[in-house]
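Protein chains: 2
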Amino acid sequence: MNFLEARIAKDGIVKEGNVLKVDSFLNHQMDIALLDQMAAEFHQRFSNKPITKVLTIEASGIAIACSVARCFGVPMVFAKKTKSINLDGDMYVAEVDSFTHKKKNTVIVSKKFLSPDDHVLIIDDFLANGCALQGLISIVESAEATVEGCGIAIEKGFQDGGWRIRNLGYHVESLAIIESMDASTGAITFREQEA
Amino acid sequence: MNFLEARIAKDGIVKEGNVLKVDSFLNHQMDIALLDQMAAEFHQRFSNKPITKVLTIEASGIAIACSVARCFGVPMVFAKKTKSINLDGDMYVAEVDSFTHKKKNTVIVSKKFLSPDDHVLIIDDFLANGCALQGLISIVESAEATVEGCGIAIEKGFQDGGWRIRNLGYHVESLAIIESMDASTGAITFREQEA
């Protein structure tokens, strides 16, 4: 078990409906040392890529993405979920479904912050059905920028998002892939990954 | 001018309706080195307080709050704006108005993450009418924890939130206080603060 799998096994809580609560360390209360350790791991896994920008989606991706951007010495951009009066001008837009909130979100990134010269590392906390990630990929490609890869904290391997996105040729690195989980016992099984 | 005032003067854009856009470095694209410099400044200003937790509100407060939490070596908790199916159990709740989005938000923090032993530093990117900050203060006090202070990146000094909250006895430190701004000329005047 790597450090993140160990932390999920220790502090993650399995709920009915394939919900994994990691709110004590990853998406409500944040363990900063853990974020930095995850960021160092993403930095190592994508160290051969000429990353110019880290892209994520609000809200819980922001903390991890900031740490990753610090490792690469590049800016972080977060996609916004609703149209704000502060966000005028031209924007890249994608529609995404949210598993957690059971609704459609419009996701936007200002055109000022992505250009064809950009080599983008996309970061998010969860990958399940892949809709959020596909929305971010579509935004990067609308900008004619390059998707260098996707770094995910926790992938739900029993949903097909990771399979679909890898199948499209994208380099997806997930620090922990959950093969199965059982709300009645709290047991979580991780997919074996190469060290 | 301090480093943040200088950056606002250089890259901030004044829009009609008292809107200041800082989306190129603070709340859409994030300059990580600037965040870390702001965090170091907050750490210095609150260094005599026994901070155990940093609290902010999603989404744009998260990045600054993470950097501040790293400086203090404590966890960061961010308040959530909508009720998520992943957030069950008991929660502290506050109602806040949003200036930017012209709507009311329900803000929640899980009771697990604030206790009477906590000494909380509240961090946010903007302070204008003070509704968000008052919501966070009310959540900390519902938990019978101690509000040790509020660290704000940019305060709109021509709105009364800062005045009201200082008047209630809270220690508010704003790195930049805007006295006035003019959308027709783009001019921004900062309040003189002690160095």
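In order, the protein sequence lines correspond to chains Z and R. Numbering-wise (this note's numbering), the first sequence opens with residue 1 and increments by one. Numbering-wise (this note's numbering), the second sequence opens with residue 1001 and increments by one. Glycine residues also receive a C-beta, built at the ideal position from the N, C-alpha and C atoms. Nothing here was measured: the structure is a model prediction, and the numbers come from that model.
- request: Report yes if the C-beta distance between K1021 of chain R and I1032 of chain R is below 9 Å; otherwise report no.
  value: no
query: Enumerated in chain order, which unbroken segments of the alpha helix (DSSP H) with a length of 4 residues or greater are wholly contained in the region 1037-1101 of chain R?
result: 1061-1072
message: Quick check on the burial criterion: 16 or more other C-beta atoms within 10 angstroms. Buried or exposed for K80 of chain Z?
response: buried
Closest by C-alpha distance to N1018 of chain R, when choosing among R:F1190, R:D1182 and R:T1189: R:D1182
task: Measure the alpha-carbon distance for N48 of chain Z versus V1054 of chain R and round it to whole angstroms.
output: 35 Å
query: On the three-state DSSP scale, how would you describe D1125 of chain R?
result: strand
message: My output table needs one value for G169 of chain Z: the three-state DSSP class, helix, strand or coil.
response: coil
- prompt: Who pairs with R190 of chain Z in a beta bridge, going by DSSP?
  reply: Just to set this straight, residue 190 of chain Z is Phe in the shown sequence, not Arg. According to DSSP, F190 of chain Z bridges with Z:I178.
Alpha-carbon spacing of C1131 of chain R relative to I122 of chain Z, whole angstroms: 33 Å
query: CA-CA distance, K156 of chain Z and N129 of chain Z?
result: 8 Å
field: Buried or exposed (CB count within 10 angstroms, at least 16 for buried), N1167 of chain R
entry: exposed
field: Sufficient close CB pairs (3 or more, under 8 Å) joining the region 160-180 of chain Z to the region 64-83 of chain Z
entry: no
- request: Scan the region 41-67 of chain Z for residues whose Cβ lies nearer than 7 Å to a Cβ of chain R and list them as they occur along the chain.
  value: Result list: E58, A59, I62, A63 and C66.
field: Cβ pair E58 of chain Z, F78 of chain Z closer than 9 Å
entry: yes
query: For I1137 of chain R, which residues from the same chain have a beta carbon less than 6 Å from its beta carbon, with the 5 sequence-adjacent residues on both sides left out?
result: Short of 6 Å from the beta carbon of I1137 of chain R, and not among the five residues preceding or following it, lie these beta carbons of its own chain, in chain order: V1147.
task: Go ahead and pull the three-state DSSP assignment for S1110 of chain R.
output: Strand at S1110 of chain R.
field: Residue from R:A1153, R:Y1170, R:I1165 and R:G1161 whose Cα sits closest to the Cα of N1002 of chain R
entry: Comparing C-alpha distances from N1002 of chain R to each of R:A1153, R:Y1170, R:I1165 and R:G1161 shows the shortest one belongs to R:A1153.
- prompt: Can you give the Cα-Cα distance for S1184 of chain R and F46 of chain Z, rounded to whole angstroms?
  reply: For S1184 of chain R and F46 of chain Z, the distance between alpha carbons rounds to 45 Å.
task: Spell out whether any CB of chain Z is found under 9 Å from the CB atom of R1070 of chain R.
output: yes
- request: Identify, in the order they occur along the chain, each residue of the same chain with its Cβ nearer than 6 Å to the Cβ of E1141 of chain R, setting aside the five sequence neighbours on each side.
  value: none
query: So with Cβ pairs under 9 Å, would you call K1111 of chain R a contact of chain Z?
result: Chain Z contact via Cβ: absent.
field: Buried versus exposed, by CB contacts within 10 Å (16 or more), Q1029 of chain R
entry: In the assembly as shown, Q1029 of chain R is a buried residue. Its beta-carbon has 16 or more other beta-carbons within 10 Å.
task: Provide the residue span of the beta strand (DSSP E) that contains V22 of chain Z, from first to last.
output: From DSSP, V22 of chain Z is part of no beta strand (DSSP E); its letter is neither H nor E.
field: Helix, strand or coil at A153 of chain Z [DSSP, three-state]
entry: strand
query: Pick from R:K1112, R:K1103 and R:I1064: whose alpha carbon is nearest that of E1144 of chain R?
result: R:K1112
query: To the nearest angstrom, how far is it from the Cα of Y170 of chain Z to the Cα of A1040 of chain R?
result: 38 Å
query: What does a CB cutoff of less than 8 Å around E16 of chain Z pick up in its chain, not counting 5 residues either side in sequence?
result: A183
- request: Go ahead and label G1186 of chain R buried or exposed: buried means 16 or more other beta carbons lie within 10 angstroms of its beta carbon, across all protein chains shown.
  value: exposed
Sub-9 Å separation of S60 of chain Z and L114 of chain Z beta-carbons: no
message: For P116 of chain Z, count the other beta carbons within 10 Å of its own beta carbon; 16 or more makes it buried, fewer makes it exposed. Which is it?
response: exposed
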